[in-house]
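Student: Take a look at this one; I'll ask things after.
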Amino acid sequence: MLKEKNNFPRGMNDTIMTKTQTKMDMAVEAHQRYLLKETREDLTTAINCYIETLRENPEQAGAYYHLATLLHNNGQIGVDSAIEQCKKAVKINPDDANAHMYLGYFLSLNSEFDEAKEEFKTAIKLNPATSRTRLVLALTCLEKIKSAKCKKTIKDYTNALYYGVTGTLMSVFDKASIKMLLRNIADDLTFAKYKTVGEFFEKIKSEKKAYNIYLSVADSSKKSIVLYERMARIAIKKSRYDIAFDCLNNVVILSNNDPMKVVNAIEFVEEYQSDRINELIDYYTILTNKYPELSKCYYELGHLYLKKDEKINALSAFKLALKYDEDNPYYQNSLAYAYVQLEQYDSAIELYKKALETNPNDEWSSVVAQALATIYHQVKGNSEAAISMLQNSLLLTQNKAQIHEAIADIYYDMENLDNAIEYYNLALKDDDNNPKIYSRLAMAYWEKDCIEKSIIYYSRAIELDSTYDIAYNNLGVVFLDGLGDASRAIEYFKTAVEINPNYVLAHFNLARSHEVLGEKIIAAKQYQKAININKIHKELDQKLIEERLYKLFET
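Residues in the sequence shown are numbered consecutively from 27, following this note's numbering.
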C-alpha cells in the first residue's frame, strides 16, 4: 500500500517551503553580514534562523553545514559534532558541492586527511568552477605534510601545488569570491578613511572629534574592534571611565571573548573601576571556560566572591584553584580564610599549616602564622599553642610590633598581667606612636592597681589620637573608680560621648559620675539615654542600666 509523503492539507507544503526559504534567506544574509562585520547580533540572528529553518524543514541541507560552521567557529560545538552535521547534509543532498566541501574541512581539522581529500574531490567534481574548495584542499595537503602522524609523499606536494595554483587562478572567475572581495575592499576603504581622519584629530589633541569619528563608523565596520579600542583609549585619557568600560566591553563581545581582549578589559577594570565586581567575575569566568586549568583565574574569582560575601562560591573557586595547583601556598591560605568565614576552623588550620610548610616568603608566612594563632586562641581556646605560633612568627619578620601586641593581648586574656605588660612594652619599642598599644598597656596597669601609670598611658593614647573615644572613657573610669574624682571623670566621659554619641558605656559611666555627685536628675537622663541607645546597639546588659536608674529614687 502506497503512502503519501505527508498528511498536510493541500497547499500546506508550499506554505512551509516559502517560510523555510524566507528563514534560510534571513540566515544567509545575517551570516554574510557577520562575515563582514563580525557582530554578535548578526551571529545570533544567523544561528537562530538556521535552527528555525531546520525545525520547519529538516531536509534543508545547507542549513546543517552553515550552522555547524558558525557553532564550531564560536566554540559552541566540537569538531565531531560539526562532522556529524555535515554528514547529515551530504546524506540529504549528495549533489550539494558545499556539503562535501564543509565535511572535508571539518575532517581535515580532525586530522582525517585522506577522508577530507575525498570529500574535497567530490565537491570539485560537482562544481568544477569553485576556487574555494581547491584552495582548502591545497591547505589540507600541506597540513598532512606537516603532520608527524602522516607519511609524507611526493604526491601530497604536487597535489598541494596543483590545487593551490588552480584555485588561485580560478578565484578570478569565482563570482562568490569576487563579490565577497569587493565587499571587503569597500569596508577596508571606509575603515582606512575614518581611521586616518580620527588619527589626525588625535594628533592635534582634538580627542572629542576623533572619538565621534570612530563612533560614527564603529558599528558598521568589520574592523570595529580597532575603533572601539581607540575610543576606549581616548575615554581613559579624559578620565571618562564608564565610557571606556563600555568600549572595552564591546571589544570583548565583538572579538567573541578573545582571551587577550578579556585580559585587557580585566586590567582596565582592576585599575580604574575595581568596584565592578560582577563584570570582573564575568570576565574571569570567560577565561576559565576557555582555559579550565588556569588556576590563577579561580584564585581571583575566589577573592571577588569574598568581596560580595558569597562565601560558598569563594570556597568553590579556591578549591578549583588548588585542584590545578595543589601545592600553591597562596591558594592554600586563601582557601583557609574562606573556611574561617564559614566557621570550618579545623579545615582552615590544616591548610594554614600546609601554607606555612612551603613558606614562600618570611613576611607573608608571619602573617599566616598570626591568622593561625588567632584561631588557636579565640576559637580553640588553646592560648599556649597560639603564643607558640606567634613566637615562631617573630623569627620570620622585621615588623614585630603587631605580633608583640598579639602576644600581650593573649597574656592579658589569661590574666597574666606581668607578661602582658612586658610584651606591650616590646610592641612600643617598634611602634611608639600607636595609641591602641598605649591604651592596652594602661588597661593592664589599671588591672594591677597601678593607677598613676594607667593615667600616664591613657593620656599618651589621647595625645596621639584626640578622637580615641575608648581611651577617654577608660581614663574617666580611672578617675571615677580609682581616685574617686567624679568631677574630673565627667570631663572625659563627656568627651567620649561627643566623639561617639552611640557609646553606651560612656553614657552609663557619665550617669554614674553624676550619681556620685548627687545629681540624680542629670544621672537619670543619662541612664535613660544609655537605655535607649542600648536597645539598638546592645552593648550592655539592659537590666543592669535599668536597675541603676530605678535605684536612684528608691530612698
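Where is the CB? At the ideal position from N, CA and C, for every residue including glycine.
#1: With DSSP as the reference, label Tyr-317 as helix, strand or coil.
#2: If I'm right that Ala-89 touches Ala-53 with Cβ under 8 angstroms, what's the distance once you round it to whole angstroms?
#3: Can you have a look at Lys-426 and say buried or exposed, based on whether 16 or more other CB atoms are within 10 angstroms of its CB?
#4: Would you mind reading off the limits of the alpha helix (DSSP H) that contains Lys-546?
#5: Let me confirm a value: Tyr-576 is counted as buried when at least 16 other C-beta atoms fall within 10 Å, else exposed. Which label applies?
#6: Alpha carbons only, please: which of Asn-99, Ile-477, Ala-94 is nearest the one belonging to Ser-281?
#7: Out of Asn-153, Asn-528, Leu-578, Asn-500, point me to the one whose CA is closest to Ala-549's CA.
#8: Report the rounded CA-to-CA distance for Tyr-91 versus Val-393, giving the unit in angstroms.
#9: Looking at Ala-470 and Ala-412, is the spacing between their C-beta atoms short of 9 angstroms?
#10: Considering only the beta carbon of each residue, do Leu-416 and Glu-389 sit closer than 9 angstroms?
#11: Would you mind working out which of His-533, Trp-472, Glu-255 sits nearest Asp-495, comparing C-alpha positions?
#12: Quick check for students: name the residue ranges of the alpha helix (DSSP H) that lie wholly in the segment 90-136, counting only runs of 4 or more.
#13: At which residues does the alpha helix (DSSP H) containing Phe-271 begin and terminate?
#14: So Pro-355 is in the alpha helix (DSSP H); what residue range does that whole segment cover?
#15: Can you find the residues in the same chain that come closer than 8 angstroms, C-beta to C-beta, to Leu-509, ignoring five residues on each side of it along the sequence?
#16: Taking 8 angstroms as the threshold, find out whether the segment 260-278 comes into contact with the segment 290-301 through three or more Cβ pairs.
#17: Is the number of C-beta pairs between the segment 101-115 and the segment 75-82 that are closer than 8 angstroms three or more?
#18: Check this for me: beta carbons of Gln-552 and His-563, under 9 angstroms apart or not?
#19: Between which two residues does the alpha helix (DSSP H) holding Tyr-498 run?
#20: Applying the 10 Å Cβ sphere with the 16-neighbour rule, what's the burial state of Glu-431?
#21: Need the endpoints of the alpha helix (DSSP H) that Asp-444 sits in, please.
#22: Which class does Asp-388 belong to by DSSP, given the choice of helix, strand or coil?
#23: Where do the N-terminal and C-terminal ends of the alpha helix (DSSP H) with Ser-232 fall, by residue?
#24: Tell me whether Arg-209 sits in a helix, a strand or coil according to DSSP, three-state version.
#25: Take the Cβ of Lys-287 as the centre, count every other Cβ of all protein chains shown within 10 Å, and call the residue buried at 16 or more, exposed below.
#26: Would you tell me roughly how many angstroms separate the C-alpha atoms of Ile-481 and Asn-385, rounded to the nearest one?
#27: Tell me the rounded alpha-carbon separation between Ile-375 and Ile-307.
#28: Helix, strand or coil for Lys-147? Go by DSSP, reduced to three states.
#29: Suppose the cutoff is 7 angstroms on Cβ atoms and the five residues either side in sequence are ignored; what does the same chain contact list for Ala-56 look like?
#30: For Tyr-587, count the other beta carbons within 10 Å of its own beta carbon; 16 or more makes it buried, fewer makes it exposed. Which is it?
#31: Measuring alpha carbon to alpha carbon, tell me which residue in Ser-465, Glu-565, Asp-301, Glu-448 is nearest Lys-333.
#32: Starting from the Cα of Gln-424, find the closest Cα among Ala-397, Phe-146, Tyr-267, Ser-391 and give me that residue.
#33: Using 10 angstroms around the beta-carbon of Asp-122, count the other beta-carbons present and answer buried if the total reaches 16, otherwise exposed.
Tutor: Considering the structure as presented:
#1: coil
#2: 7 angstroms
#3: buried
#4: Start and end: 546-563.
#5: exposed
#6: When only C-alpha atoms are compared, the closest one is Asn-99.
#7: Of Asn-153, Asn-528, Leu-578, Asn-500, the residue nearest in Cα terms is Leu-578.
#8: Using only the alpha carbons, I get a separation of about 59 angstroms.
#9: no
#10: Going by C-beta atoms, Leu-416 is not nearer than 9 angstroms to Glu-389.
#11: His-533
#12: 105-118, 123-135
#13: 267-280
#14: 355-367
#15: Ile-477
#16: yes
#17: no
#18: no
#19: It spans 495-503 - the alpha helix (DSSP H) in which Tyr-498 sits, taken as one unbroken run.
#20: buried
#21: 443-456
#22: helix
#23: Ser-232 -> no alpha helix (DSSP H), and no H or E assigned at all.
#24: Unreliable placement is indicated for Arg-209, whose pLDDT of 46 sits below 50; the coordinate value is still reported in the next sentence. Helix at Arg-209.
#25: If you draw a 10 Å sphere on the C-beta of Lys-287, you find 16 or more other C-beta atoms in it, and that means buried.
#26: 43 angstroms
#27: 28 angstroms
#28: helix
#29: Asp-68, Thr-71, Ala-72, Cys-75
#30: Only positions 27 to 581 of the chain appear in the structure, and residue 587 is not among them; the question remains open.
#31: Asp-301
#32: Ser-391 is the residue among Ala-397, Phe-146, Tyr-267, Ser-391 whose C-alpha sits nearest the C-alpha of Gln-424.
#33: Buried is the call here.
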